[in-house]
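Counting from 1 along the sequence shown, just add 15 to a position and that's the residue number in our numbering.
For glycine and all other residues, C-beta sits at the position ideal for the given N, C-alpha and C.
Owing to the predicted nature of the structure, the values given are computational and were not obtained by experimental measurement.
Read the structure below first, then the notes.
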Amino acid sequence: MTVGNGRIPEELVEKIRQSSDVVDVISDYVQLKKQGKQYIGLCPFHGEKSPSFSVSQDKQLYHCFGCGASGNVFSFLMNHDNLTFVESVRHLAKRSEIELPKEVTSIEERTSIPHSEMMAGHEMASRLYHHILTLSEEGKIGLDYAKGRGFTKQQIEHFKIGFVPNRWDTLVTIFKKRNFNLPEMQKAGLLGQRDSDQQYYDRFRDRLMFPIWNHQGKVIAFSGRSIGDEKPKYLNSSDTPIFHKGQVLYAFHLARPAIRKSNAAVLFEGAVDVIAAWGAGVNQGIATLGTALTEEQAKSIRRNAEVVTICYDSDKAGVEAAVRAASILENAGCMVKVAVMPEGNDPDDFIKKFGAERFKNDVIGASLTLMAFKMRFLRKGKNLNHESERMLYIEEVLTEIATLSKAIERDHYLRQLSEEFQLSLEALKQEQYRIFREKKKQSTFQRNDHQQPKEAKRSFEKKRLLPAFQNAERLLLSHMMRSEDIAERVRERIGGQFNLDEHHAISAYLYAYYGEGFEPDPSAFVQRISDESIKRLASEIAMLSVDEESSDQVIEDYIKQIENYPKWVEIHNKQLNLKQEHDPIMFAKLQMEIIQMKKELQSL
Numbered sequence: 016m017t018v019g020n021g022r023i024p025e026e027l028v029e030k031i032r033q034s035s036d037v038v039d040v041i042s043d044y045v046q047l048k049k050q051g052k053q054y055i056g057l058c059p060f061h062g063e064k065s066p067s068f069s070v071s072q073d074k075q076l077y078h079c080f081g082c083g084a085s086g087n088v089f090s091f092l093m094n095h096d097n098l099t100f101v102e103s104v105r106h107l108a109k110r111s112e113i114e115l116p117k118e119v120t121s122i123e124e125r126t127s128i129p130h131s132e133m134m135a136g137h138e139m140a141s142r143l144y145h146h147i148l149t150l151s152e153e154g155k156i157g158l159d160y161a162k163g164r165g166f167t168k169q170q171i172e173h174f175k176i177g178f179v180p181n182r183w184d185t186l187v188t189i190f191k192k193r194n195f196n197l198p199e200m201q202k203a204g205l206l207g208q209r210d211s212d213q214q215y216y217d218r219f220r221d222r223l224m225f226p227i228w229n230h231q232g233k234v235i236a237f238s239g240r241s242i243g244d245e246k247p248k249y250l251n252s253s254d255t256p257i258f259h260k261g262q263v264l265y266a267f268h269l270a271r272p273a274i275r276k277s278n279a280a281v282l283f284e285g286a287v288d289v290i291a292a293w294g295a296g297v298n299q300g301i302a303t304l305g306t307a308l309t310e311e312q313a314k315s316i317r318r319n320a321e322v323v324t325i326c327y328d329s330d331k332a333g334v335e336a337a338v339r340a341a342s343i344l345e346n347a348g349c350m351v352k353v354a355v356m357p358e359g360n361d362p363d364d365f366i367k368k369f370g371a372e373r374f375k376n377d378v379i380g381a382s383l384t385l386m387a388f389k390m391r392f393l394r395k396g397k398n399l400n401h402e403s404e405r406m407l408y409i410e411e412v413l414t415e416i417a418t419l420s421k422a423i424e425r426d427h428y429l430r431q432l433s434e435e436f437q438l439s440l441e442a443l444k445q446e447q448y449r450i451f452r453e454k455k456k457q458s459t460f461q462r463n464d465h466q467q468p469k470e471a472k473r474s475f476e477k478k479r480l481l482p483a484f485q486n487a488e489r490l491l492l493s494h495m496m497r498s499e500d501i502a503e504r505v506r507e508r509i510g511g512q513f514n515l516d517e518h519h520a521i522s523a524y525l526y527a528y529y530g531e532g533f534e535p536d537p538s539a540f541v542q543r544i545s546d547e548s549i550k551r552l553a554s555e556i557a558m559l560s561v562d563e564e565s566s567d568q569v570i571e572d573y574i575k576q577i578e579n580y581p582k583w584v585e586i587h588n589k590q591l592n593l594k595q596e597h598d599p600i601m602f603a604k605l606q607m608e609i610i611q612m613k614k615e616l617q618s619l
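Shown next, in the form of structure tokens:
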């Protein structure tokens, strides 16, 4: 590839690939744990609770044994972030501090200009808002308001807080000067357009501005806090081609290092709580963006942390939202705790009133288990001195206890109920087990009504039980990717005569790869495959666990299985013909042929 024809030089792509360790890059998105030679984690391409996503540092490849996603560092970014190849190269070049030629362009990049321009518009708006707040006379009113709200200089800088004056054309003017596409900026949610004269105007005015970033740290939206009486108090960007509320978590890229280090995240309701908590020393804070927590957000959290502490407002709406969020997080595989705020406080208020240490120790540090929080929630509004309400509360708690998977947890909370209400522990256990049986029966009925998931699982298991010849071809190709000598031996013996077309194609790519003088390198080889389905299969095969010190006899056995498979197919076909043959002479002839073919195969 040359710069002249609008593509990145091949040697530069290879340099970037070698400088971008696949484990380091994927660790920015997925929490990986070392297991033998591989690293494992929860797959970012499909929902799962048990890790089936494997990353090999030796081979510089990844593969998910659940959904089949495979590839190298470039394909990971292309699939995860929906990037073009050139965009993934640019991203990794920047990450590795490798400079790309300025004249590098491609058709792929030109087709993504609207997307790029939306990102550039948000980046420019963020820098402008922050400049106005911190360095201009026009932003003094916003800075005074921010300081009045308790924001320090460090918080303003860390979260790039800005201010937009009470004018209609702050952004419009700068966009016009920089030749931005104004209709595109309207689609990006930064501008509006008047019906009367079709003139563009700033969507945000007279507000403290909080940038919202994607997980790569690029500004994609804003949350604007009114500094006066203008409604709504908070104005958030609407969904756009680059921003979807249900997918993004506020400050996730800033909190991710601390989340990874502690294996724990703290989930807040809004940006201001995250900022206040950071100022108080709680660095793992993230927040939803004016909407309830979604399954997609929960899965994103789980890929980075096992433990999540929910810290929502203490009002009725906040408590109910915490219960809903906890359920979603548990379904995603998180261990959930709940930090209980004193009545009438949100995290920001609490920190202002009582200080950072009390927030860390008395709120976050004293968070309840989810079951303890549910018990407290179920008590609210009930008069437990009243027999019917007391029985209702006990029934509701037993229903929640029945969902707990660990016997020790169930026993702990049953004993609490027993002691508090002077009830027989044995009676409580029997009632809890009755509820458990009823729920199990109900779920069985539901499964019987929806058989498709079970069938899908069976077909997945069947897919893994491959015929011997197919396993032999896969293992042989895996060895060939690691050793040019083995590849040459196979080429001389069987060439491309693999029994599956896909395996034939991989062998052809591999012979060409070595023919061009390249050294064995599974990631570099996969990168050169142009067909996406073949590339994916080659990645999966490269990730197979094989003994790289395998003897010549092992390789010979694989080759024989591949060579002999067509002969076994021929024998099978003759046996089918034998069953349908009514002529005694032809029957005997076929039978002798089959016996002879089997003898020849067994003697090999």
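Self-check item: Backbone secondary structure at T120 - three-state DSSP
Solution: Here T120 scores only 46 on pLDDT, less than 50, and its place in the model is too uncertain to base an answer on.
Self-check item: Beta-ladder partner(s) of S131, from DSSP
Solution: The partner list for S131 (beta bridge, DSSP) is empty, contrary to what the question assumes.
Quiz item: By a C-beta neighbour count over all protein chains shown, 10 Å radius and 16 as the cutoff for buried, is M558 buried or exposed?
Solution: buried
Practice problem: Report buried or exposed for G51, applying the criterion of at least 16 other Cβ atoms within 10 angstroms of its Cβ. | Solution: exposed
Practice problem: Determine the burial state of K367: buried for a count of at least 16 other Cβ atoms within 10 Å of its Cβ, exposed for fewer. | Solution: The residue is exposed, with fewer than 16 neighbouring Cβ atoms inside 10 Å.
Quiz item: What does a CB cutoff of less than 6 Å around E345 pick up in its chain, not counting 5 residues either side in sequence?
Solution: V351
Quiz item: Can you give, in chain order, each stretch of the alpha helix (DSSP H) that sits fully within the region 401-469 and has at least 4 residues?
Solution: 402-416, 422-436 and 440-464
Quiz item: Which residue's Cα is closest to the Cα of R506: L515, M495 and N514?
Solution: M495
Quiz item: How big is the Cα-Cα spacing for H137 and I257?
Solution: 10 Å
Practice problem: Compare the Cα-Cα distances from I295 to each of I316, R318 and Q169 and report the closest residue. | Solution: According to the sequence provided, residue 295 is Ala. The question's Ile does not apply to it. Comparing C-alpha distances from A295 to each of I316, R318 and Q169 shows the shortest one belongs to Q169.
Practice problem: Measure the alpha-carbon distance for N94 versus M134 and round it to whole angstroms. | Solution: 19 Å
Quiz item: Going along the chain, which residues of its own chain have a beta-carbon closer than 8 Å to the beta-carbon of G62, five neighbours each way excluded?
Solution: E310, K314 and A347
Exercise. May I ask you to report which of helix, strand or coil DSSP gives Y524?
Key: helix
Practice problem: Output yes or no for whether 8 Å exceeds the beta carbon distance between Y428 and A487. | Solution: no
Exercise. Pull up the DSSP beta-bridge partners for N251, would you.
Key: S238
Quiz item: Which residues bound the beta strand (DSSP E) around R164?
Solution: From DSSP, R164 is part of no beta strand (DSSP E); its letter is neither H nor E.
Quiz item: Is H95 helix, strand or coil when you go by DSSP?
Solution: helix
Quiz prompt | Secondary structure of M496, DSSP reduced to three states | solution = helix
Quiz item: Rounded to a whole number of angstroms, what is the C-alpha to C-alpha distance between V187 and R222?
Solution: 16 Å
Exercise. Please state whether DSSP places G15 in a helix, a strand or coil.
Key: In the structure displayed, the chain extends from 16 to 619; residue 15 sits before or after that span and is not available.
Exercise. Could I get the ranges of all uninterrupted beta strand (DSSP E) runs contained in the region 17-67, with 3 residues as the minimum, in chain order?
Key: If we require 3 residues or more, the beta strand (DSSP E) runs fully inside the region 17-67 come out as 48-50 and 53-56.
Exercise. Work out the CA separation of E410 and R339 for me, nearest whole Å.
Key: A direct Cα-Cα distance of roughly 20 Å separates R339 from E410.
Self-check item: Length at least 4, wholly inside the region 544-568: the alpha helix (DSSP H) runs in chain order
Solution: 547-557, all fully within the region 544-568.
Quiz item: Residues in its own chain within less than 7 Å of A483 by CB, not counting five upstream and five downstream?
Solution: Q576
Practice problem: Following the continuous beta strand (DSSP E) through W228, name the residue where it begins and the one where it ends. | Solution: R222 to W228
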